[in-house]
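Participant:
Residue numbers (the working numbering): 160 to 712.
#1: Between the alpha carbons of residue 293 and residue 384, how many angstroms are there, rounded?
#2: Check whether the segment 608-628 touches the segment 238-248, counting contact only when three or more Cβ pairs, one atom from each stretch, lie closer than 8 Å.
#3: Answer yes or no: do residue 342 and residue 409 have a C-beta to C-beta separation smaller than 8 Å?
#4: Beta-carbon separation of residue 489 and residue 514 under 8 Å?
#5: Between the alpha carbons of residue 588 and residue 596, how many angstroms are there, rounded?
#6: Smallest Cα separation from residue 666: which of 224, 216 and 214?
#7: According to the Cβ coordinates, are residue 484 and residue 466 closer than 8 Å?
#8: Reducing DSSP to helix, strand and coil, say where residue 440 ends up.
#9: State the DSSP-derived secondary structure class of residue 634, mapped to helix, strand or coil.
#10: Could you pull out every residue in the same chain whose Cβ sits closer than 6 Å to the Cβ of residue 220, ignoring the five residues on either side in sequence?
#11: Classify residue 681 as helix, strand or coil using the three-state DSSP reduction.
#12: Less than 8 Å separating the beta-carbons of residue 216 and residue 673?
#13: Secondary structure at residue 709, three-state DSSP: helix, strand or coil?
#14: Here's a check: name, in chain order, each residue in its chain whose Cβ is nearer than 7 Å to the Cβ of residue 505, leaving out the five neighbours to either side.
#15: With burial defined as no fewer than 16 other Cβ atoms inside 10 Å of the residue's Cβ, what is the status of residue 314: buried or exposed?
#16: Thinking C-alpha only, which one of 651, 585 and 669 is nearest residue 635?
#17: What does the alpha-carbon distance come out to for the pair residue 300 and residue 323?
#18: Can you say whether residue 419 is buried or exposed, counting buried as having 16 or more other CB atoms within 10 angstroms of its CB?
#19: With a Cβ-Cβ cutoff of 8 Å, do residue 602 and residue 350 count as a contact?
#20: How about residue 306 and residue 320: are their beta carbons less than 8 Å apart?
#21: Using the Cα positions of residue 611 and residue 353, report the straight-line distance between them to the nearest angstrom.
#22: With a cut-off of 8 Å on the beta carbons, I'd call residue 268 and residue 631 a contact; round off their distance for me.
#23: With DSSP as the reference, identify every bridge partner of residue 364, one or two as the case may be.
#24: What's the gap between the Cα of residue 278 and the Cα of residue 345?
#25: Using only CA atoms, which one of 470, 328, 318 and 572 lies nearest to residue 288?
#26: Identify, in the order they occur along the chain, each residue of the same chain with its Cβ nearer than 6 Å to the Cβ of residue 276, setting aside the five sequence neighbours on each side.
#27: Could you give the residue range of the alpha helix (DSSP H) that holds residue 582?
#28: For the segment 636-660, which segments carrying the alpha helix (DSSP H) assignment without a break, of at least 4 residues, lie completely within its bounds, in sequence order?
#29: What does the Cβ neighbour count give for residue 357, buried or exposed, with the cut at 16 atoms within 10 Å?
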């Protein structure tokens with residue numbers, strides 16, 4: 160009985176021991192499972208933390224390479240030159256194109272007239288010369304607008320039509336000047352008489368009949384001279400067989416200058432021609448010559464405008480050797496502007512160009528001189544024939560007051576006081592951009608009168624004379640503040656910005672590459688825990704090491 164009890168107890172103890180062993184084994188397995196899971200989580204954390212340094216290295220190296228490329232490009236390319244290349248392309252929508260299409264700057268037109276103070280004395284033979292007195296200037300603002308613009312990309316040219324309008328500026332004129340009365344030479348009467356001077360008797364007789372009620376001197380207001388200069392002769396001419404001589408019955412100066420007409424230009428643009436050829440004319444109204452010199456005249460005496468500019472759009476990178484050939488529609492010839500001196504214009508380095516005083520002198524070879532006049536004796540120095548541009552009426556142009564001439568005018572008129580500062584022309588230009596900072600062009604219209612025998616005594620009194628009619632100043636002296644700022648931004652600040660950006664780009668490149676390399680060198684592909692161990696808490700490291708040693712056992 161006792162043996163049975165003893166065996167039962169032994170079995171019970173054995174069962175309890177077995178149960179304890181099983182529980183211990185279960186606890187051990189549970190601990191091992193938890194440790195494996197924990198090790199797995201820590202291993203994943205290690206791998207994730209290992210990826211972050213690699214990503215950081217990649218970002219730093221990419222930023223370094225990008226800034227290196229940016230710095231190299233800023234050294235290779237000139238920012239100002241890129242801006243100028245974009246300017247000569249004249250792309251619609253960009254500032255160079257839009258500023259040209261609708262210029263923000265108005266050109267001031269100042270007209271100065273000549274009042275005759277000794278009309279009676281001259282006709283009576285008391286005075287041999289006309290005494291003249293200036294009236295004016297009368298100031299207007301001219302605005303331009305370009306329309307019907309066509310880009311010819313196949314040959315890198317552009318065609319457009321220019322519209323000009325003019326507005327009287329009361330604030331810049333003397334009060335009541337338009338109503339001021341003055342005595343002037345009758346330009347229509349004397350001009351037609353000069354035109355018909357070598358005609359037959361019947362033609363001169365017809366002219367005398369038509370002009371019988373017109374005087375050689377007229378009393379007119381300034382407004383009438385400029386806008387509404389009519390006479391009985393003009394009215395009769397417009398309805399007679401001689402109407403072809405004058406297409407309009409109004410000889411007003413401003414009326415005819417701004418009479419609606421077609422002004423179609425074709426110019427060179429784009430990088431194909433380069434900076435020097437920018438905006439040079441190819442043709443005007445389809446012709447490569449100045450109006451009046453086309454057809455048969457071109458074969459014998461062409462006056463080309465193919466290298467001329469309008470004076471508003473000038474090429475970038477001008478030098479002291481640059482010659483500006485300028486043509487305006489109102490003038491019957493091109494005029495060359497040469498470098499005169501370097502000046503400081505509102506803290507901008509600028510070049511001043513001007514035409515020489517001899518611009519209107521005769522050429523040594525008269526066969527090449529298309530402006531010497533139609534008479535056997537050529538016109539004197541300082542004046543050129545412009546009859547081809549004014550319906551063959553014998554007119555001529557010169558500088559005001561005959562500046563630059565040899566003094567021929569002293570035998571015809573009194574009151575001329577030529578002065579370079581008052582009567583010369585010039586252009587002040589920022590040479591890098593080619594932007595005009597200040598421009599003044601002055602020109603005088605004259606009447607060339609040949610021998611007038613066969614006319615009335617009053618008309619014959621003007622035989623073999625050169626008479627000044629009026630002179631005009633085209634000026635642009637006040638740029639808007641935004642234009643001045645834009646010019647300074649391109650010329651002064653853009654090079655500074657480029658230098659700063661270059662230095663900044665290379666500095667950032669060095670910094671990014673340096674830290675990228677440092678981070679890269681800290682990564683040991685054979686020991687994934689190296690970075691982790693150096694960054695972790697020491698107690699955390701010991702625990703991981705202990706667990707690892709236990710696992711090894």
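No residue lacks a Cβ here, since even glycine has one placed at the ideal position from N, Cα and C.
Facilitator: In short, the structure shows the following:
#1: Position 134 of the chain shown, counted from the first residue, corresponds to residue 293. Position 225 of the chain shown, counted from the first residue, corresponds to residue 384. Cα to Cα, the separation comes out at about 14 Å.
#2: They do not touch, by the three-pair rule.
#3: As a working note, residue 342 is residue 183 in the chain shown. As a working note, residue 409 is residue 250 in the chain shown. In this structure, residue 409 does not lie closer than 8 Å to residue 342 by Cβ.
#4: Taking the first residue of the chain shown as position 1, residue 489 is located at position 330. Taking the first residue of the chain shown as position 1, residue 514 is located at position 355. Contact: no.
#5: Here residue 588 corresponds to residue number 429 of the chain shown, with the count starting at 1. Here residue 596 corresponds to residue number 437 of the chain shown, with the count starting at 1. For residue 588 and residue 596, the distance between alpha carbons rounds to 5 Å.
#6: Here the question's residue 666 lines up with position 507 in the chain shown. Residue 224 is the option with its Cα nearest to residue 666.
#7: As a first step, residue 484 is located in the chain shown; it is residue number 325 there, counting from the start. As a first step, residue 466 is located in the chain shown; it is residue number 307 there, counting from the start. Yes.
#8: Translated into positions along the chain shown, residue 440 becomes position 281. DSSP places residue 440 in strand when its eight states are reduced to three.
#9: Translated into the one-based positions of the chain shown, residue 634 becomes position 475. It is a strand residue.
#10: Looking up residue 220 in the chain shown gives position 61. 675, listed in sequence order.
#11: By one-based count along the chain shown, residue 681 stands at place 522. It is coil, neither helix nor strand.
#12: Residue 216 sits at position 57 when you count from the first residue of the chain shown. Residue 673 sits at position 514 when you count from the first residue of the chain shown. Not a contact, by the Cβ cut-off of 8 Å.
#13: What you label residue 709 is simply residue 550 of the chain shown in a count that begins at 1. Confidence in residue 709 is poor, its pLDDT being 42 and thus under 50, which makes the residue's placement too unreliable to answer from.
#14: Within the chain shown, the letter at position 346 stands for residue 505. These residues qualify, in order along the chain: 643.
#15: Counting from one through the chain shown, the residue named residue 314 turns up at place 155. With fewer than 16 Cβ atoms within 10 Å of its Cβ, residue 314 is classed as exposed.
#16: Sequence index remark: in the chain shown, residue 635 carries index 476 (1-based). Ranked by Cα distance from residue 635, the first of 651, 585 and 669 is 585.
#17: Here residue 300 corresponds to residue number 141 of the chain shown, with the count starting at 1. Here residue 323 corresponds to residue number 164 of the chain shown, with the count starting at 1. Whole-angstrom Cα-Cα distance: 10 Å.
#18: As a position in the chain shown, residue 419 is number 260, starting the count at 1. Per the 10 Å Cβ criterion, exposed.
#19: Within the chain shown, residue 602 is the residue found at index 443, counting from 1. Within the chain shown, residue 350 is the residue found at index 191, counting from 1. No, they are not a contact pair.
#20: The sequence position of residue 306 within the chain shown is 147, counting from 1. The sequence position of residue 320 within the chain shown is 161, counting from 1. Closer than 8 Å, so yes.
#21: One-based indexing of the chain shown puts residue 611 at position 452. One-based indexing of the chain shown puts residue 353 at position 194. CA-to-CA, the gap between residue 611 and residue 353 works out to about 7 Å.
#22: By 1-based counting over the chain shown, the position of residue 268 is 109. By 1-based counting over the chain shown, the position of residue 631 is 472. About 6 Å; that satisfies the 8 Å criterion.
#23: Counting from one through the chain shown, the residue named residue 364 turns up at place 205. Partner(s): none; residue 364 has no beta bridge.
#24: In the chain shown, the residue the question calls residue 278 occupies position 119. In the chain shown, the residue the question calls residue 345 occupies position 186. Roughly 12 Å between the two C-alpha positions.
#25: The sequence position of residue 288 within the chain shown is 129, counting from 1. Of the candidates 470, 328, 318 and 572, the one whose C-alpha sits nearest the C-alpha of residue 288 is 572.
#26: Residue 276 sits at position 117 when you count from the first residue of the chain shown. Excluding sequence neighbours, residue 276 sits near 290 and 292.
#27: Position 423 of the chain shown holds residue 582. From DSSP, the alpha helix (DSSP H) with residue 582 extends over 579-582.
#28: Listed in chain order, the complete alpha helix (DSSP H) runs (minimum 4 residues) inside the segment 636-660 are 640-647.
#29: To locate residue 357, count along the chain shown from 1; it is residue 198. Looking at its Cβ environment, which holds fewer than 16 other Cβ atoms inside 10 Å, residue 357 is exposed.
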